[in-house]
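With the working numbering as the guide, the letters of the sequence shown map in order to residues 1 to 151.
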Amino acid sequence: MLEGPSSSMTEWLPFLHPVWQIVGIAFGFMALREGLGLRRERRTQAREVVQSARRMRHARLGKCSLWIIGSGYFLGIGELFFIRDEPILRSAHFYFATIALALFCWGALYGVAMLRDTRSHAQRRDLHGFLLPLALLMMVGVGLLGLTLLP
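This is how it looks when you write it as structure tokens:
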């Protein structure tokens, strides 16, 4: 480790990535809760005004989650490469995180398409509702894999 004032920073910096990802995953689960509420309201034919407000809240939480998780992915790579001077490709954490992020982005693209398009989105909704919870659950597993990498 380094000596001087920056030594304390190098001690806590490896924990920034996991904490940041936990926040992103928490936002993702809040968006999931809103999405499940949308599904319930759609099945019970709730008023459009209520559904519109929930849809915007779901989209806002989902966007926050996507940006936090995406930036946290690159933060983790940067920490390994620049701070800890370790090989990036040495663990299953990297590979499964890449797959989970790809699934997350793929599902988010369906969500963005539904926000922009006013036509029927039954197929997009099904894929969106399958890919994003799958990615979130996979991210929890990836986080557990990452525990072995902590100093």
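Using N, Cα and C, we set each Cβ at its ideal position, and we do this for glycine too.
For the 8 Å CB-CB criterion, leucine 13 and glutamate 79 form a contact. Taking C-beta atoms as the reference points, leucine 145 and phenylalanine 96 count as a pair closer than 8 Å. Around the Cβ of phenylalanine 104, a 10 Å sphere holds 16 or more other Cβ atoms; the residue is buried. The Cβ atoms of glutamine 21 and glycine 62 lie no closer than 8 Å to each other. About 7 Å separates the Cβ atoms of isoleucine 25 and valine 140, confirming a contact at the 8 Å cut-off. Close CB contacts of glutamine 45 within its chain, under the 6 Å cut and outside five residues either way in sequence, are absent.
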